[in-house]
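Asks: First the structure, then my questions, so here it is.
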Amino acid sequence: MSDDWARQRTEAAHEHAARLAARQDAEHRRAEELLGRFVAAAREVGPDPEPLQVKGYGGRGTARTPLQGWYLRADRTAAVSTDAEFYVLTAPLTLLDRVRGVRPAATRPPLVLGAGGKDGDSIDLVDALERLVPGWRDRTP
1 MSDDWARQRT EAAHEHAARL AARQDAEHRR AEELLGRFVA AAREVGPDPE PLQVKGYGGR
61 GTARTPLQGW YLRADRTAAV STDAEFYVLT APLTLLDRVR GVRPAATRPP LVLGAGGKDG
121 DSIDLVDALE RLVPGWRDRT P
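Here the sequence shown stands for residues 1 to 141, where the numbers follow this note's numbering.
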């Protein structure tokens, strides 16, 4: 009886994990679609993309990147590049990084920027994009 119960609990845990992963994947795909539509609208009506920089943890300097795009957060810690890739722009920077620059890795975008952070630190991706290009959703198919 104990083996049966353990097996059922294991199966339930696996099913729960699979459902969570599927939901997260769907959210990432939706956010990726939004970023693609936003970039198309921003290229059409502005603003122009700007060079993106990475901020060091704890405000310890910045490093340039080869990327161009739009900052999504006022603190400039998240951005979308001109190829619609999402970047978190904070990292532990060495002196060499600050001199040579860095190439951050793109990550899958969330639908809420800063989710799980302090109150007032999170913003819906749609709202962040709307602040940059008001009415952008009406300009794209």
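Every residue, glycine too, gets a C-beta built ideally from N, C-alpha and C.
Going by the beta-carbon positions, is the gap between leucine 35 and proline 109 smaller than 8 Å?
Replies: A contact, by the Cβ cut-off of 8 Å.
Asks: For the structure I just gave you, are there three or more beta carbon pairs, one from the region 45 to 53 and one from the region 11 to 21, closer than 8 Å?
Replies: These segments do not touch.
Asks: Less than 8 Å separating the beta-carbons of arginine 64 and leucine 93?
Replies: No, the Cβ-Cβ distance between arginine 64 and leucine 93 is not below 8 Å.
Asks: Measuring straight from C-alpha to C-alpha, what distance separates leucine 67 and tryptophan 5?
Replies: Each residue's Cα considered, the two are about 53 Å apart.
Asks: Tell me the rounded alpha-carbon separation between glycine 58 and leucine 125.
Replies: Each residue's alpha carbon lies about 24 Å from the other.
Asks: Taking C-beta to C-beta, are valine 88 and threonine 62 nearer than 8 Å?
Replies: Cβ distance not < 8 Å, so valine 88 and threonine 62 don't count as in contact.
Asks: Report the residue ranges of all beta strand (DSSP E) runs contained in full by the region 66 to 131; include only those spanning at least 3 residues, in chain order.
Replies: Counting only runs of 3 or more, we get 78 to 81, 86 to 88.
Asks: Name the DSSP bridge partner or partners of glutamine 53?
Replies: Per DSSP, Arg64.
Asks: Could you give the residue range of the alpha helix (DSSP H) that holds glutamine 39?
Replies: Checking the sequence, you will find valine at residue 39 rather than glutamine. Unbroken alpha helix (DSSP H) run through valine 39: 2 to 45.
Asks: Below 8 Å on the Cβ atoms is my contact criterion, and I expect serine 122 with leucine 113 to pass it. Report the Cβ-Cβ distance as a whole number of Å.
Replies: Contact flag correct, Cβ pair sits at about 6 Å.
Asks: How many Å lie between aspartate 3 and glycine 56 at the Cα?
Replies: Cα to Cα, aspartate 3 sits roughly 51 Å from glycine 56.
Asks: Please classify leucine 129: is it buried, with 16 or more other beta-carbons within 10 angstroms of its beta-carbon, or exposed?
Replies: Under this definition leucine 129 is a buried residue.
Asks: Given a threshold of 16 other Cβ atoms within 10 Å of its Cβ, counted over all protein chains shown, does glycine 46 qualify as buried or as exposed?
Replies: With fewer than 16 Cβ atoms within 10 Å of its Cβ, glycine 46 is classed as exposed.
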